[in-house]
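Peer 1:
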Amino acid sequence: MALGVFLWSTTTLLGSFMQHFGWFITFRALVGIGEASYSTIAPTIISDLFVGDMRSKMLALFYFAIPVGSGFGYIVGSETAKFFGDWVWALRVTPVLGVIAVVLIAMLRDPERGASEGTHHMQATSYREDIKAIVRNPSFMLSTAGFTCVAFVAGALAWWGPKFIHLGLVSQPGNENITLNDVSYKFGIIAMTAGLIGVPAGSFMARKLRPQYPTCDPLICAGGLFCSSPLIYLALVVTRYSGAWCFFLVFFAEVSLNLTWSIVADMLLYVVVPTRRSTAEAFQILISHAFGDAGSPYFVGVISEAIKRLLRLSAIGVAAVFPADLSSYSQLAENVTATSTTTTLAPLVSQSPLGGAEDGDSHAVQFRALQYALFSTSFVEIIGGVFFLLTAMYILRDRRNVERVVAGCDLELSESSSGSETLDPSSAIVGEPPRTHRHQRHSSSHHHHQNHRSSSVRRSLSGATCSTSSCS
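Just so you know, the sequence shown maps onto residues 578 to 1049 in the working numbering.
(1) Can you tell me whether residue 585 is helix, strand or coil according to DSSP?
(2) Are residue 858 and residue 621 closer than 8 Å when you measure CB to CB?
(3) Specify the secondary structure class of residue 656 as computed by DSSP and reduced to three states.
(4) Taking residue 800 as the reference, give the member of 743, 787, 860, 958 with the closest Cα.
(5) Hey, how far is the Cα of residue 688 from the Cα of residue 792?
(6) Take residue 995 and list the residues in its own chain whose beta-carbon comes closer than 8 Å to its own, dropping the five residues that flank it on each side.
(7) Would you report the Cα separation of residue 725 and residue 960, rounded to the nearest angstrom?
(8) When we look at the beta-carbon of residue 750 and count the other beta-carbons within 10 Å, is it buried (16 or more) or exposed?
(9) Using alpha carbons as the reference points, say which of 590, 581, 861 lies closest to residue 682.
(10) Taking residue 777 as part of the alpha helix (DSSP H), name the residues at either end of that continuous run.
(11) Would you report the Cα separation of residue 659 and residue 758, rounded to the nearest angstrom?
(12) So, helix, strand or coil for residue 618, using DSSP?
(13) Would you mind working out which of 830, 829, 815 sits nearest residue 823, comparing C-alpha positions?
(14) Can you name the start and end residues of the alpha helix (DSSP H) that residue 820 belongs to?
(15) Does the stretch 818-836 come into contact with the stretch 803-810, if we say contact requires no fewer than three beta-carbon pairs (one atom in each stretch) closer than 8 Å?
(16) Considering only residues of the same chain and omitting the five flanking positions on each side of residue 578, which have a CB-CB separation below 6 Å?
(17) Write down the C-beta distance between residue 769 and residue 670 rounded to the nearest angstrom, noting that I regard them as a contact closer than 8 Å.
(18) Please determine, among 776, 655, 736, the residue with the shortest C-alpha to C-alpha distance to residue 667.
(19) Does the beta carbon of residue 635 fall short of 7 Å from some heavy atom of the ligand FMN?
(20) Less than 8 Å between the CB atoms is what I'm expecting for residue 795 and residue 969, so what's the real figure, rounded?
(21) When you compare each of 946, 978, 963 to residue 741 by their alpha carbons, which one comes out closest?
So, in structure tokens, the structure goes:
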């Protein structure tokens, strides 16, 4: 982890000095390697140190740093760029914090895998077997899909949110002098506050409801996404009319979205056996970043650019952006065909106050295009909520399976022809303890117990392997 954070900080610093775009992108890509080396290990160390409700609390403490740190980054980054007069200085703050993190990590003692659960007897399997096991784990795969939707929305809002709000505010009378840095500062405060409230709130609700409702974890995540979706939609609509209402709705949308962070991590840890948790963390981070926050800014940008082209060519589309100033265009559009309208109005639009050239789109055109593109985040949240609802159908079964493993069962790797999970010899009823074969072993000469025996239970649980012996 220390090496990963060091690489993270070093590549961030070096990237700020690059003058060529290709080299800048290269160093920004290397940042992801350092981040991944830390993010895949840290949660599993927490799982090795804590168990039960204390683990949930520690995960909440760990994961609330993500939205809080992101919001704090907006504040520090915008103020640093403003102070030095160049945005690259915002990247030069990270290495200072990275040095502190490396020192703290160097003081950390690495616990044994599964130490808090007493599963030292478990034997690690190959990476290939780990991947086979986790992709057959429905709770893990469905929760990862849901979390990818969370990351998609978080990434899109973090990248385009301040830009969109700025475009909406400057279109209001009297707000012409508002800068993007001003909006980023306020957006950062909202994101940070929402993280401080949302992440602990999600963990608190899960811990309180879990004893009575064992499947509450994915249901809380689904509820958070279903609540956040309409709030984001309303925030996108009211931005052009009221900045205060926009920030108000964004705050509660972010709070609802942040309910999921620590809960998803907790679910991963109790539906995956200890020896495979690092692999599962890496797999989840890869999927959620690749199809989530890494791709969503580009996806939204592509949609926005496509809509801009339509607005440039369509008189009706342009009139919808600012109908008060384009009434003559609307009347003309009603008297000619679509083809002649496009041909006639294309040069007029390029000379109009709304602009039309690709290099000079007006705030109104940019706002409308980005608004339509960001509407996609509301739909993605609904999809994510559905994934979490499906997770609730399997979460209890998969959790009980892992609990059997950490209880000290002898597990044996066995692949059935159908690829399904089986219990040996014949018990496959979820929730019931597996049937066991007991046999006596001869006491070794160095044991002084009068009655020594060992029980072993053999079953396959997604290819996991462990061994143990107990004396009584």
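Even glycine gets a Cβ: it sits at the ideal position worked out from N, Cα and C.
Peer 2: Straight from the coordinates:
(1) helix
(2) yes
(3) helix
(4) The candidate whose alpha carbon is nearest that of residue 800 is 958.
(5) 30 Å
(6) Note that residue 995 scores 39 on pLDDT, short of 50, meaning its location in the model is unreliable; the coordinates nonetheless yield the value given after this. Excluding sequence positions up to five before and after residue 995, its CB lies less than 8 Å from no other CB in the same chain.
(7) 10 Å
(8) exposed
(9) It is 581 whose Cα lies nearest to the Cα of residue 682.
(10) 757-786
(11) C-alpha separation (whole angstroms): 8 Å.
(12) Residue state, collapsed to three classes: coil.
(13) 815
(14) 820-835
(15) Output reads yes: the stretch 803-810 touches the stretch 818-836.
(16) Result list for residue 578: 615, 618, 682, in chain order.
(17) In this structure, residue 769 and residue 670 do not form a Cβ contact; the two beta carbons are roughly 15 Å apart against a cut-off of 8 Å.
(18) Per the Cα distances, 655.
(19) Absence of the ligand FMN is noted for the structure shown, with no ligands found whatsoever.
(20) Indeed, because the Cβ distance is near 4 Å, the residues count as touching under 8 Å.
(21) 946
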